[in-house]
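There are 2 protein chains.
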Amino acid sequence: MVLDRSQLFLIDEKEGFGPTFSHLVSMMNYVRSTTLEAVEGLTIEELDFLIHDGANSIGMLLAHMAAVERIYQIVTFEKRDPTAEEEEALAAGLDLGEKGKAAFNGFPLEHYLADLEAEREDTYRKFGILSDDWLFEQTDWWWGEPGNNYFKWFHVFEDEINHRGQIRMIKKIHSLQKEHLAK
Amino acid sequence: MVLDRSQLFLIDEKEGFGPTFSHLVSMMNYVRSTTLEAVEGLTIEELDFLIHDGANSIGMLLAHMAAVERIYQIVTFEKRDPTAEEEEALAAGLDLGEKGKAAFNGFPLEHYLADLEAEREDTYRKFGILSDDWLFEQTDWWWGEPGNNYFKWFHVFEDEINHRGQIRMIKKIHSLQKEHLAK
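And the structure:
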């Protein structure tokens, strides 16, 4: 995904989207650009590195971002729960843990980025045909309280930022450990 | 700050704010609620813990959030650079590092939360008297590209999420170290 930096710091109208969708897309674009920047050039060893046994690797976190986006497509666009098959396919990415550690291991960066980009294309294709009203449709959500679609997609990028912050920390810890071992 | 969870998952109209400001405030409220949840009940020792020598403690990250909010008030509401005095007062919180480590040490949680709440009150007071048009005003921003006020305030909460993700990781590493030492 090539992002035009001249638009990156403007939360404003985006061609092909309703006015409020444009704001959401503006934020999602910026967040994704920072995720891509954080992982640029990482090797398989760096993607698989674990700061402790129960930790998530950077590769696992990238896989998680793609899985979260997919599950929100199902829940909000298709207004349904995932099928047993989808749940099975997404479990490693959503739940991470031991399952995630086994599933996301040994892959080059391009593997994760291709998944992220494919999900994002699907999301934006759908955003482009929905009207802004859709964003304010509510369902029961967490703790039995109402949640609207704008919040649900905000949460998708909010979760990405959370993990991007962690990716930056993992990189720092990894480089300190390598320095330490080299001494 | 007491947040009503019945509104927390709705990005929608908020009393006292313009329609687009309402969306921004909705997001800022949710983010803040998760920050408060992440730090709830932390002791001074937990707030000061460093996962490595050059790391940021949770206390430092909370101080950073308040300092970022203050500098964005100056830059966007007052449309000016900080004075030398303000720069000096905010440097430890903005830049962190050794200066931040020295400045934010030995304080109880309430100290950081009071600062965060005071800045947020100032921000919302001003948001409440601005019209939505203000959000789309542009200035030169990073890398000489344009940035609007909506983006600038998005960045304030985006940075908070980033560090909240790190706070969650620091807590996990700290508890693992304590378990390890207890063995």
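From first to last, the protein sequence lines are chains A and B. So the number in this note's numbering is just where the residue sits in the first sequence, counting from 1, plus 238. So the number in this note's numbering is just where the residue sits in the second sequence, counting from 1, plus 238. No residue lacks a Cβ here, since even glycine has one placed at the ideal position from N, Cα and C. If you're wondering where the values come from, they're calculated on a predicted model, not measured in any experiment.
Where A:GLY279 falls: helix, strand or coil (DSSP): Position 41 of the first sequence, counting from 1, holds the residue named residue 279 of chain A. It is coil, neither helix nor strand.
DSSP three-state assignment for B:PHE400, whether helix, strand or coil: Residue 400 of chain B sits at position 162 when you count from the first residue of the second sequence. For the sequence presented, residue 400 of chain B should be read as Asn rather than Phe. Helix, per DSSP.
Assigned exposure category for B:ASP319 - 16 Cβ within 10 Å defines buried: Taking the second sequence and counting its residues from 1, one reaches residue 319 of chain B at position 81. Result: exposed.
Own chain partners of B:PHE287 with C-beta closer than 8 angstroms, once the 5 adjacent residues on each side are dropped: One-based indexing of the second sequence puts residue 287 of chain B at position 49. Only SER295, ILE296, ILE408, HIS412 meet the Cβ criterion.
Proximity test, A:ARG402 beta-carbon vs the ligand MN heavy atom, cut-off 7 angstroms: In the structure shown, the ligand MN is absent, as is every other ligand, since no ligand is present at all.
Under 8 angstroms from the C-beta of B:PHE342: neighbouring residues of chain A: Position 104 of the second sequence holds residue 342 of chain B. Result: empty, since nearest Cβ-Cβ is about 18 angstroms, beyond 8 angstroms.
Those residues which DSSP pairs with A:GLN245 across a bridge: Here the question's residue 245 of chain A lines up with position 7 in the first sequence. Answer is none; A:GLN245 lacks a bridge partner.
Closer than 8 angstroms to chain B by CB, A:TRP372: Taking the first sequence and counting its residues from 1, the one referred to as residue 372 of chain A is at position 134. No, A:TRP372 lies away from the interface with chain B (no Cβ there is under 8 angstroms from its Cβ).
DSSP three-state assignment for A:PRO346, whether helix, strand or coil: Position 108 of the first sequence holds residue 346 of chain A. Coil at A:PRO346, not helix or strand.
Proximal residues, the segment 325-357 of chain B versus chain E, C-beta separation under 8 angstroms: Protein chains A and B are contained in the structure displayed, whereas chain E is not.
Any C-beta of chain A under 8 angstroms from that of B:ASP286: What you label residue 286 of chain B is simply residue 48 of the second sequence in a count that begins at 1. No - not a single Cβ of chain A is within 8 angstroms of the one on B:ASP286.
CB contact flag (B:ALA215, B:GLY331, <8 angstroms): Residue numbering for chain B in the displayed model covers 239 to 421; residue 215 of chain B lies beyond these limits and cannot be assessed.
Ranges of the alpha helix (DSSP H) found wholly within the segment 245-328 of chain B, counting only runs of at least 4: 257-277, 282-286, 296-310
Counterpart residues of B:THR377 in DSSP-defined beta bridges: As a first step, residue 377 of chain B is located in the second sequence; it is residue number 139 there, counting from the start. Answer by DSSP bridge pairing, in chain order: B:GLY385.
Length of the line joining the Cα atoms of A:ASN387 and B:HIS418: Translated into the one-based positions of the first sequence, residue 387 of chain A becomes position 149. Translated into the one-based positions of the second sequence, residue 418 of chain B becomes position 180. Those two C-alpha atoms are separated by around 43 angstroms.
C-beta contact flag for A:ILE249 and B:PHE389 at 8 angstroms: As a first step, residue 249 of chain A must be located in the first sequence, where it is residue number 11. As a first step, residue 389 of chain B must be located in the second sequence, where it is residue number 151. Yes; because the gap between Cβ atoms is below 8 angstroms, this pair is in contact.
A:HIS393 beta carbon less than 8 angstroms from that of A:HIS302: As a position in the first sequence, residue 302 of chain A is number 64, starting the count at 1. As a position in the first sequence, residue 393 of chain A is number 155, starting the count at 1. Cβ distance not < 8 angstroms, so A:HIS302 and A:HIS393 don't count as in contact.
Interface flag, A:ALA420 vs chain B, CB-CB below 8 angstroms: If you number the first sequence from 1, residue 420 of chain A lands on position 182. No, because no Cβ of chain B sits closer than 8 angstroms to the Cβ of A:ALA420.
Residues of its chain near A:LEU246, where Cβ-Cβ distance is below 7 angstroms and the 5 sequence neighbours each way are ignored: Numbered from 1 along the first sequence, position 8 holds the residue referred to as residue 246 of chain A. Closer than 7 angstroms at the Cβ level, and outside the excluded window around A:LEU246, lie ASN267, TYR268, SER271.
Within 8 angstroms, strictly: CB atoms of A:PHE255 and A:LEU373: Here residue 255 of chain A corresponds to residue number 17 of the first sequence, with the count starting at 1. Here residue 373 of chain A corresponds to residue number 135 of the first sequence, with the count starting at 1. For A:PHE255 and A:LEU373, no; Cβs fall outside 8 angstroms.
Anticipated Cβ contact below 8 angstroms, B:ASP397 with B:VAL306, distance rounded: Mapped onto the second sequence, residue 397 of chain B falls at position 159. Mapped onto the second sequence, residue 306 of chain B falls at position 68. Yes, B:ASP397 and B:VAL306 are in contact; Cβ-Cβ is about 6 angstroms, under 8 angstroms.
Contact set between A:ARG270 and chain B, taken where Cβ atoms lie within less than 8 angstroms: Taking the first sequence and counting its residues from 1, one reaches residue 270 of chain A at position 32. The premise fails here: A:ARG270 is roughly 12 angstroms from chain B at the closest Cβ pair, so nothing lies under 8 angstroms.
Sequence-distant residues of the same chain with beta carbon closer than 6 angstroms to B:ALA341, five excluded per side: In the second sequence, counting from the first residue as 1, residue 341 of chain B sits at position 103. Correct list, in chain order: ALA330.
Three-way DSSP call (helix, strand, coil) for A:LYS416 in this model: On the first sequence, position 178 is the one that residue 416 of chain A refers to. DSSP places A:LYS416 in helix when its eight states are reduced to three.
CB contact below 8 angstroms: B:TYR362 versus chain A: As a working mapping, residue 362 of chain B is identified with position 124 in the second sequence. It does not: the Cβ of B:TYR362 has no partner Cβ on chain A nearer than 8 angstroms.
Chain-ordered neighbours of A:ASN386 on chain B, where CB pairs are closer than 7 angstroms: Taking the first sequence and counting its residues from 1, the one referred to as residue 386 of chain A is at position 148. In chain order: LEU248, ILE249, ASP250.
Chain A residues whose Cβ lies nearer than 9 angstroms to that of B:HIS412: Mapped onto the second sequence, residue 412 of chain B falls at position 174. The premise fails here: B:HIS412 is roughly 12 angstroms from chain A at the closest Cβ pair, so nothing lies under 9 angstroms.
Within chain B, the residues that A:GLY297 reaches when beta carbons sit closer than 9 angstroms: The residue you call residue 297 of chain A lines up with position 59 of the first sequence. Here the premise fails: no neighbours, minimum Cβ distance about 16 angstroms.
Host alpha helix (DSSP H) of A:LYS339 (start-end): Here residue 339 of chain A refers to the residue found at position 101 of the first sequence. That run of the alpha helix (DSSP H) goes 335-341.
Distance CB(B:TRP380)-CB(B:LEU262) smaller than 8 angstroms: Here residue 380 of chain B refers to the residue found at position 142 when the second sequence is read from its first residue. Here residue 262 of chain B refers to the residue found at position 24 when the second sequence is read from its first residue. No, these two residues do not count as a Cβ contact at 8 angstroms.
Chain B contact for A:HIS302 (CB, 8 angstroms cutoff): Your numbering for residue 302 of chain A matches position 64 in the first sequence. Closer than 8 angstroms: no.
Sequence-distant residues of the same chain with beta carbon closer than 7 angstroms to A:THR361, five excluded per side: Position 123 of the first sequence holds residue 361 of chain A. Answer for A:THR361: GLU307, GLN311, listed in chain order.
Amino acids of chain A, ordered along the chain, whose beta-carbon sits closer than 8 angstroms to that of B:SER260: The count along the second sequence starts at 1 and reaches residue 260 of chain B at position 22. The premise fails here: B:SER260 is roughly 11 angstroms from chain A at the closest Cβ pair, so nothing lies under 8 angstroms.
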